[in-house]
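Asker: Take a look at this one; I'll ask things after.
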Amino acid sequence: MLWTSSGDGSFDDPALLNATYIPGASDITNGTVTLTLTAEAMEPCIDAVDDMILNIQQQPFANAGNDAGICEGEICTLAGSASNQSNISWNTDGDGGFNDPTILNPTYTPGPGDISNGGASLALTAYAFAPCSTNMLDAVILSIDPMVGTPVTPDGPTMVDTYLTPTSEYATEPTSAVDEYIWTLSPVSSGDIIGNNLKGEVSWDAAYQGFAYIKVIASNSCAAIASDSLQVEVTTSVGFEELDHKQLFVSVSPNPCNGIFRLIIKGVEHRIELSILNSHANLIEHIIVEPATNYEHSFNLSYLPKGIYILKLQSKNLIHVEKIIIR
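Its first residue numbered 1, the sequence shown is counted upward by one per residue in our numbering.
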């Protein structure tokens, strides 16, 4: 008695009645092979021959594709593949959903938990045909990058005299998921702005007068979102007509000082507004000086931080500026 095969497999012992057949690669590829059992006759009889068809069902195969990344608010189209399967299904360890989990290329919409966790695992299962019982599973990691938050409108001086304050500093508050803060100033003729994370410093163009607009853009790999613009009125004291120096005399003494000083004005022939401002052009003191031969007043600004302050005298067609240094 002898077993033979039409394929490329082998028997553990072809002379055994209950031999074990191990299919070869071609047998598996073809999906079928003929096994023949021959019983050798004793004379004068002839041999007895019988065949059987062995059908070979291949194991299922699943490939979920490559790991992927999307931004918050986007959906992911999957690129799965499978073979030798009776059917397939997609599953997730997150809280999102598939538009059809029984097709190879569904779309996945992340849930709030997926977004909070930064991603989810998406698994493709290929189910076996009988008589096979081992299914195959393959998974991809879907990474979800968060959407950048909207930045707060910059905070800083909204009125600038470029003669008094040639540079101004602006700031914003932190927002979520930011890789970079980008500061912008328009129009470009108004000056230059240099950003350093949450702060931006403007160097004003001394020749510019008008409105300027400052905003900050929060950027990451998903998006760039701009804040509302801060409107800044830009003026300059340079070019205003001064009183005849023979008529106007202004003395600030001592200067520099500790915040306590005496102001003397002589030759006041018109009603004058006296203002003291800080380097951000914020008003600290405001006094109306009526026409008089002499005006004297003692100031105590010792409560203010050390720095440079501006004394401005202004009337119709007149602006006169003195710098006060508090040490």
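The beta-carbon is built from N, C-alpha and C at its ideal position, and this holds for glycine as well.
According to the neighbour-count rule (16 or more other Cβ atoms, all chains shown, within 10 Å of its Cβ), is THR4 buried or exposed?
Answerer: exposed
Asker: Quick one: grab the DSSP three-state call for ILE46.
Answerer: Judged by DSSP in its simplified three-state form, ILE46 adopts coil rather than helix or strand.
Asker: For SER89, tell me which candidate among ALA48, ILE217 and ALA139 has the shortest Cα-Cα distance.
Answerer: ALA139
Asker: Between the C-alpha atoms of GLN328 and ILE272, what's the straight-line distance to the nearest angstrom?
Answerer: The question about residue 328 has no answer, for the chain in this structure spans 1 to 327.
Asker: Scan the stretch 196 to 235 and note each continuous beta strand (DSSP E) run of 3 residues or more that stays entirely inside, going in chain order.
Answerer: 199 to 204, 210 to 219, 224 to 226 and 230 to 235
Asker: Quick check on THR57: buried or exposed, where buried means 16 or more other Cβ atoms within 10 Å of its Cβ?
Answerer: In the sequence as presented, Thr is not what sits at residue 57; that position holds Gln. Looking at its Cβ environment, which holds fewer than 16 other Cβ atoms inside 10 Å, GLN57 is exposed.
Asker: Measuring straight from C-alpha to C-alpha, what distance separates ILE276 and THR153?
Answerer: 27 Å
Asker: When burial is assigned at 16 or more other CB atoms within 10 Å of the CB, is HIS320 buried or exposed?
Answerer: buried
Asker: The alpha helix (DSSP H) with ALA120 in it runs from where to where?
Answerer: First-last for ALA120: 119 to 127, but that is the beta strand (DSSP E), not the alpha helix (DSSP H).
Asker: Does GLU296 come within less than 8 Å of chain C when only Cβ atoms are used?
Answerer: In the displayed structure, chain C is absent; only one protein chain is listed.
Asker: On the DSSP bridge list, what partners appear for GLY96?
Answerer: In the DSSP output, where bridge partners are listed per residue, GLY96 has none listed.
Asker: Taking its Cβ as the centre, do 16 or more other Cβ atoms sit within 10 Å of GLY118, making it buried, or is it exposed?
Answerer: Around the beta carbon of GLY118, fewer than 16 other beta carbons sit within 10 angstroms, so the residue counts as exposed.
Asker: Run through the DSSP bridge pairs and tell me what GLN57 is partnered with.
Answerer: For GLN57, which the question treats as bridged, DSSP gives no partner whatsoever.
Asker: Do ILE70 and LEU16 have their C-beta atoms within less than 8 Å of each other?
Answerer: no
Asker: Can you grab the Cα-Cα spacing for the pair PRO157 / ALA212, in whole Å?
Answerer: 11 Å
Asker: Would you call PRO106 buried or exposed, if buried means 16 or more other Cβ atoms sit within 10 Å of its Cβ?
Answerer: Buried, because 16 or more other Cβ atoms sit within 10 Å of the Cβ of PRO106.
Asker: Please classify ASN63: does DSSP put it in a helix, a strand, or coil?
Answerer: strand
Asker: Assuming VAL268 and TYR295 make a contact with CB atoms under 8 Å, what is their CB distance in whole Å?
Answerer: The beta-carbon separation of VAL268 and TYR295, rounded to 6 Å, stays under the 8 Å limit for a contact.
Asker: Taking the C-alpha atoms as reference points, what is the distance between ASN99 and ASP67?
Answerer: 19 Å
Asker: Could you check what DSSP says for GLY156 in three-state terms: helix, strand or coil?
Answerer: coil
Asker: Helix, strand or coil: how does DSSP classify SER190 here?
Answerer: helix
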